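Heads up: the structure comes next, in structure tokens.
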Amino acid sequence: MKSHPQSYIYETLSLYGAYKQVPVQIHLPGLKLKLFPPVVMTASHSDSLVVLFGATAGAYGAKLGSDERELILLVWQVVDLHSKKVGTLHKSLVKADNLDLSDQCREVSALTPEGLSKAEPLDRVLQQFSQLVSSDLKVLGRSSYTLCSDGQLLIRQVLHPETSKKNLLLSDCFYSFYDLRKEFRSCYPSSAAGKDQTIKTMAEYLGLGTDEAEEDFGVWQVKTMVAIIFSMLSEDHVFTEPETVKHKYETGPCSKSETVDSETVIRARGLPWQSSDQDIARFFKGLNIAKGGVALCLNSQGRRNGEALVRFVNSEQRDLALERHKHHMGSRYIEVYKATGEEFLKIAGGTSNEVAQFLSKENQVIIRMRGLPFTATQEDVLGFLGPECPVTGGKEGLLFVKYPDGRPTGDAFVLFSCEEYAQSALKKHKEILGKRYIELFRSTAAEVQQVLNRYMSTPLIPTLPTPIIPVIPPPYTIATGSVRDCVRLRGLPYTAGIDDILEFMGDATGDIKPHGVHMVLNQQGRPSGDAFIQMKSADKAFMVAQKCHKKMMKDRYVEVFQCSGEEMNFVLMGGTLNRSGLSPPPCKLPCLSPPAYAAFQTAAVIPAEAALYQPQALLPTTRTPQASAAAPPAVTYYPAQAAQLYMNYTAYYPSPPVSPTTVGYIAAPPGAVAAAATATHTPILPQPGALVRMQGLPYNTGMKEILSFFQGYQLQADSILMLYNFNGQPSGKALVTFPSLDLAKKAVAEKNGQLLGSRYVELYLV
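The sequence shown begins at 2 in this note's numbering and counts up one residue at a time.
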């Protein structure tokens, strides 16, 4: 879903149409808007109220708006607060796009689809509302008004969300209103709490007539609300503090020292990956989000994971947000759950003075750049953006993301003063700077904090002043057995690090075992271009090999082979594997041959760096439960037999449980090479077929639901691989192996975009 600068359009055009009788027409690529300016501006102390009542085609009462059903009825009447006179009572039916009325709606309102089909659409009704209110005010001799509704739901949960979805911009009068229930409670403190009130209970408290059958639906409600207001005026009640709806979402920083009330925070799940903070604010249109209150969650590669934490100004707004559970953003439904202030601060909070200064400029649009050349300067970035995209403050509006040692990560954040400049910058997405494609996308203050917090965390190997040579412990074994639950990456760029490998593997990073990424170094202690990765199962290793073989990393094709833990251990302990011993993934060759080894002894190389690290900063040895409590961590080190070197970079990989002390130099113990060379291995037959990726699954989906979704496509339960995120929760994705390519293509053609549960599922042929 694209984010359109609606608030910006409103600010620039509202003056033009402020006193027009005809709405301003706005046309943008892919967007058609109508602006309904107020005919009469609302004053802070209005001399009139417009009592407003409405109903939708769905739920009524306390659940109004919770089911996303459209507005079908508006009833209103002007009340002069000084003379206590009223204008004409108006009732307008609204023609909804979907005229299928709920049973409750039919019963309560007595409306029918036939009657509604002859009504005017919402945009015309809103125009009539402005004109008729203006006319009534002139008759009463008044110049300003404020809306008054029965509670918050009609304004916040119906009118604002629906007009936002239909690209109709509401006039100012809908951004300020009196909640009759709160005003009643203020006037009559002994009455029930506002959330427990209804028009009927307020009327009963005052002894007013409560026979709804005497009037049409909506007419009785408005007449009774007017009578309640007159009773309150007789008690000298003054309407002075209206409820407000924010026109737009305000960005801003959040400090870790802030106190965030857990009763104001929600977690939204299932968001489209490209959604921005403005898209999320639009989803919650009508509710007041705190400044800087949208925090998009990132995965370990710094990419958005489809979740966000949202902080509202108070608990009342948060409770209304929870009622939008499973409402739609485009074709996807969004799940909304309670969250805590601690969770919000973990994502959005920051302590860096540099970041705080960068984010101190208010009302700026933030754009994130990825893939910058490591040599890129501020002048290079400003030149890339060009004069048509002026950066706020020039160089001061740029923030480069760096590792703790000062090396650039290739990411940067840019500030723009308005939506127009930001949109111009986004048009440069995938353009080239130097020799690299640059990605540009909208960002948030919370995302700036997250990215900086992650990259600026404690380095992998701390600098320790005193060289210590560790005591030699028993040998450490990484993995054993012939189960092929590992993959070997060959042909890596020599500059590739752990982040590059995790990004290369994509969603499969969630299936890596803790401490499971091993970089192979040569005899000089430099990267050899190889790496081994331990997966959680042989199936997951197979999937990774299928998906990633011959995929590009930077400027190189990387080969990915499935292998066993024994084969991996053999190489890491000093042996070498004949190239013919590791075959491409089963989808590339008709069969896999058993591995062949070339075992030989080489001269020992003892890296000087090995003496620089404390034992606790190096790979701990395997210990028995009895010894583990007393024995300190130590490094496994064999000076006489070191033939190969490997470094485990797992400290950068945040899948729990992760130890920050996982760096070690390990060599093969005597006889290990020969033993591995004589080991026997069973060839694995290929698994034919084609792979389909599912995306957008409901989070409670299991294999049973997927099998039912693909009924008739000859699938078995073991053909389905559910994918999980780093917290062990369902990611909304799955990989499905079909018996043949034809069946896979047929499934994608026939089932893509179909509903599974209440969500539309996307299918891609891998």
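Backbone N, C-alpha and C fix where the C-beta goes; we use that ideal spot for every residue, glycine too.
Since we're looking at a predicted model, the values are computed, not measured.
Open item on the list: Could you tell me the alpha carbon to alpha carbon distance between Ala56 and Leu94, rounded to whole angstroms?
Closed with: 10 Å
Open item on the list: What does the Cβ neighbour count give for His430, buried or exposed, with the cut at 16 atoms within 10 Å?
Closed with: Classification of His430: exposed, given that the 10 Å Cβ count is below 16.
TODO: Assess, as a yes-or-no matter, whether the region 238 to 255 is touched by the region 272 to 289 under the definition of 3 or more beta carbon pairs within less than 8 Å.
DONE: yes
- [ ] Return the CA-CA distance between Thr225 and Glu163, expressed in angstroms with no decimal places.
- [x] About 27 Å.
Open item on the list: Residues in the same chain with beta-carbon distance under 8 Å from Pro122, minus the five sequence neighbours each way, listed in chain order, please.
Closed with: Val95, Lys96
Open item on the list: The beta strand (DSSP E) that contains His516, what's its start and end?
Closed with: 513 to 522
Open item on the list: Quick check: the Cα distance between His329 and Gly307, rounded to an integer number of angstroms?
Closed with: 14 Å
- [ ] Can you tell me the Cβ-Cβ gap for Thr147 and Tyr179, rounded? I've got them flagged as a contact below 8 Å.
- [x] 6 Å
- [ ] Would you tell me roughly how many angstroms separate the C-alpha atoms of Ile200 and Tyr206, rounded to the nearest one?
- [x] A direct Cα-Cα distance of roughly 10 Å separates Ile200 from Tyr206.
- [ ] Please report how far the alpha carbon of Cys174 lies from the alpha carbon of Gln153, in whole angstroms.
- [x] Each residue's Cα considered, the two are about 15 Å apart.
Open item on the list: Under DSSP, the alpha helix (DSSP H) around Glu504 begins and ends at which residues?
Closed with: Looking at the DSSP string, the run of the alpha helix (DSSP H) that includes Glu504 is 499 to 506.
Open item on the list: Alpha carbons only, please: which of Gly498, Tyr700, Glu432, Met544 is nearest the one belonging to Arg485?
Closed with: Met544
Task: Thr510 - DSSP class collapsed to helix/strand/coil - done: helix
Task: DSSP state of Phe175 mapped onto helix, strand, coil - done: helix
- [ ] Tell me whether Gln198 sits in a helix, a strand or coil according to DSSP, three-state version.
- [x] coil
- [ ] Return yes when the Cβ of Arg369 is within less than 9 Å of the Cβ of Asp320, no when it is not.
- [x] Going by C-beta atoms, Asp320 is not nearer than 9 Å to Arg369.
Open item on the list: Can you list, in chain order, the residues of its chain with a C-beta nearer than 8 Å to that of Arg443? Leave out the 5 residues immediately preceding and following it.
Closed with: Ser4, Ser277, Asp278, Gln279, Val366, Ile367, Ile368, Arg369, Ala423, Leu427
Task: C-alpha gap between Val767 and Leu736, whole angstroms - done: Computed Cα separation, rounded: 9 Å.
- [ ] Under 7 Å Cβ to Cβ from Val337, same chain only, skipping five residues before and after it: list those, please.
- [x] Ile267, Ala269, Ala322, Leu323, Arg325, His326
Open item on the list: Going by DSSP, what residue range makes up the beta strand (DSSP E) through Asp531?
Closed with: 528 to 536
TODO: Check whether the Cβ atoms of Asp512 and Ser538 sit closer than 9 Å, and answer yes or no.
DONE: yes
Open item on the list: Is the separation between the beta-carbon of Arg760 and that of Gly697 shorter than 9 Å?
Closed with: yes
TODO: Give the straight-line distance between the Cα atoms of Ile439 and Leu112, rounded to the nearest whole angstrom.
DONE: 55 Å
Open item on the list: Quick check on DSSP: helix, strand or coil for Trp77?
Closed with: For Trp77, the secondary structure class from DSSP, reduced to helix, strand or coil, is strand.
Open item on the list: Are the CB atoms of Gly62 and Asp68 within a distance shorter than 9 Å?
Closed with: no
TODO: Assign Asn99 to one of two classes, buried (16 or more other C-beta atoms within 10 Å of its C-beta) or exposed (fewer than that).
DONE: Exposure of Asn99 is indicated by the presence of fewer than 16 other C-beta atoms within 10 angstroms of its C-beta.
Open item on the list: Using only the alpha-carbon positions, how far apart do Gly754 and Tyr765 sit?
Closed with: 11 Å
Task: Where the beta strand (DSSP E) through Ile368 begins and ends - done: 366 to 371
- [ ] Classify Ala60 as helix, strand or coil using the three-state DSSP reduction.
- [x] coil
TODO: Kindly list the residues whose CB is nearer than 6 Å to the CB of Ala340, restricted to its own chain and excluding five residues on each side of it in sequence; keep chain order.
DONE: Val266, Ile267, Arg268, Leu310
Open item on the list: Within the continuous alpha helix (DSSP H) that includes Ala291, where are the two ends?
Closed with: Here Ala291 belongs to no alpha helix (DSSP H); instead the beta strand (DSSP E) covers 290 to 299.
Open item on the list: So the candidates are Ser150, Leu742, Gln129; which of them puts its Cα closest to the Cα of Val693?
Closed with: Leu742
Open item on the list: Nearest by alpha-carbon distance to Glu317: which of Glu706, Leu490, Asp262, Ile230 is it?
Closed with: Selected option, being the one with the closest Cα: Asp262.
Task: Contact set for Thr133: own chain, Cβ-Cβ below 7 Å, skip 5 residues either direction - done: The sequence shown places Leu at residue 133, rather than the Thr named in the question. Only His91 meet the Cβ criterion.
Open item on the list: What does the Cβ neighbour count give for Trp77, buried or exposed, with the cut at 16 atoms within 10 Å?
Closed with: buried
- [ ] Identify the continuous alpha helix (DSSP H) that holds Lys747 and give its terminal residues.
- [x] For Lys747, the enclosing alpha helix (DSSP H) begins and ends at 742 to 752.
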